[in-house]
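Student:
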Amino acid sequence: EAQVTQNPRYLITVTGKKLTVTCSQNMNHEYMSWYRQDPGLGLRQIYYSMNVEVTDKGDVPEGYKVSRKEKRNFPLILESPSPNQTSLYFCASTPSRGEVTDTQYFGPGTRLTVL
Amino acid sequence: RKEVEQDPGPFNVPEGATVAFNCTYSNSASQSFFWYRQDCRKEPKLLMSVYSSGNEDGRFTAQLNRASQYISLLIRDSKLSDSATYLCVVNQTGTALIFGKGTTLSVSS
Chain W
10 EAQVTQNPRY LITVTGKKLT VTCSQNMNHE YMSWYRQDPG LGLRQIYYSM NVEVTDKGDV
70 PEGYKVSRKE KRNFPLILES PSPNQTSLYF CASTPSRGEV TDTQYFGPGT RLTVL
Chain X
294 RKEVEQDPGP FNVPEGATVA FNCTYSNSAS QSFFWYRQDC RKEPKLLMSV YSSGNEDGRF
354 TAQLNRASQY ISLLIRDSKL SDSATYLCVV NQTGTALIFG KGTTLSVSS
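If you read the sequences in order, they're chains W and X. 10 is the number of the first residue of the first sequence in the working numbering; add one for each residue after it. 294 is the number of the first residue of the second sequence in the working numbering; add one for each residue after it.
1. Pick out whichever of W:I86, W:G116 and W:S96 has its Cα sitting closest to the Cα of W:N35.
2. Kindly indicate if chain W contains any beta-carbon less than 8 Å away from that of X:R334.
3. Would you kindly report the start and end of the unbroken beta strand (DSSP E) that includes W:G51?
4. Which whole runs of the beta strand (DSSP E) in the region 317-341 of chain X are 3 residues long or more, in chain order?
5. Might you give, ordered along the chain, the residues of its own chain that have their beta carbon closer than 7 Å to the beta carbon of X:C381, omitting 5 neighbours on each side?
6. Residues in the same chain with beta-carbon distance under 7 Å from X:V312, minus the five sequence neighbours each way, listed in chain order, please.
7. Starting from the beta carbon of W:P117, find every residue of chain X whose beta carbon is closer than 8 Å, and list them in chain order.
8. Helix, strand or coil for W:Q12? Go by DSSP, reduced to three states.
9. Assuming W:N82 and W:S33 are in contact, meaning their beta carbons sit under 8 Å apart, how far apart are those beta carbons, in whole angstroms?
10. Would W:A101 and W:M41 qualify as a contact pair, given that the criterion is a beta-carbon distance under 8 Å?
11. Identify each residue in the region 338-357 of chain X for which the Cβ-Cβ distance to at least one residue of chain W is less than 8 Å, and report them in chain order.
12. Label W:V63 either buried or exposed according to how many other C-beta atoms from any shown protein chain fall within 10 Å of its C-beta, with 16 as the threshold for buried.
13. At 3 residues or longer, what runs of the beta strand (DSSP E) sit wholly inside the region 339-364 of chain X?
14. Considering only the beta carbon of each residue, do W:T103 and W:Q113 sit closer than 8 Å?
15. How is W:L124 classed by DSSP in three states: helix, strand or coil?
16. What in chain X is Cβ-close to W:G49, meaning under 8 Å?
17. Take the Cβ of W:V13 as the centre, count every other Cβ of all protein chains shown within 10 Å, and call the residue buried at 16 or more, exposed below.
18. What is the DSSP secondary structure of X:N415, reduced to helix, strand or coil?
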């Protein structure tokens, strides 16, 4: 089944404790991205990657890191989480290099709480 | 980054009603347009792309007015299962999608 998977789905952590949220897609998509969704603010892009070893900042990259060592994986790293990073996170992938007509396929989301 | 604006609602309608959502975007260079549906904080899923000539998919009709920078979604004969949040999405740079904050629809029996 073609899908985007994220782990963990739910995470409660404490300020300053490094964490990684994994994202994997099995559709051989080139383009992947991370979003966060907050009430009243909608979906905002954190980082995106157009291909292996190519990453770039989105609208809200502060406090996050990403890597793209393999085409299928795009982990999101919070080196020192803070309470304002409590949010619902979505990973997404698109078949080609962000062609304007391509659909984005979203993972199921990761609900992160930072205490 | 310029914005995509939607009426947040909520729109509360009875089954069988026709309901329309509107969306405006501020960047005239925007290239492609979509409506996504999101249920109960689950992942967004593509409902339909929006083409300049307008397009229809069953009970759903999408319209685009580039001159006015305006997108619409019409839902006819609303079903209980249409209850969700509808996200207007615009591609502005060719690599990033800009999401509206969403319009919430609640269909009641």
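Beta carbons are placed, not taken as given, at the ideal position from N, Cα and C, and that holds for glycine.
Tutor: Reading from the atomic positions:
1. W:G116
2. yes
3. G51 to N60
4. 325-331
5. V297, Q299, C316, W328, I364 and G393
6. Scanning its chain for C-beta atoms nearer than 7 Å, with the 5 sequence neighbours on each side dropped, one finds around X:V312 the residues F304, V306, I368, S371 and L398, in chain order.
7. K335 and E336
8. DSSP places W:Q12 in coil when its eight states are reduced to three.
9. 5 Å
10. yes
11. K338, L339 and S342
12. exposed
13. Counting whole runs of 3 or more residues, the region 339-364 of chain X contains the beta strand (DSSP E) stretches 348-350 and 353-358.
14. yes
15. W:L124: coil per DSSP, three-state reduction.
16. Residues of chain X with a Cβ closer than 8 Å to the Cβ of W:G49 are, in chain order, K394.
17. buried
18. The structure shown has nothing for residue 415 of chain X, since chain X only spans 294 to 402.
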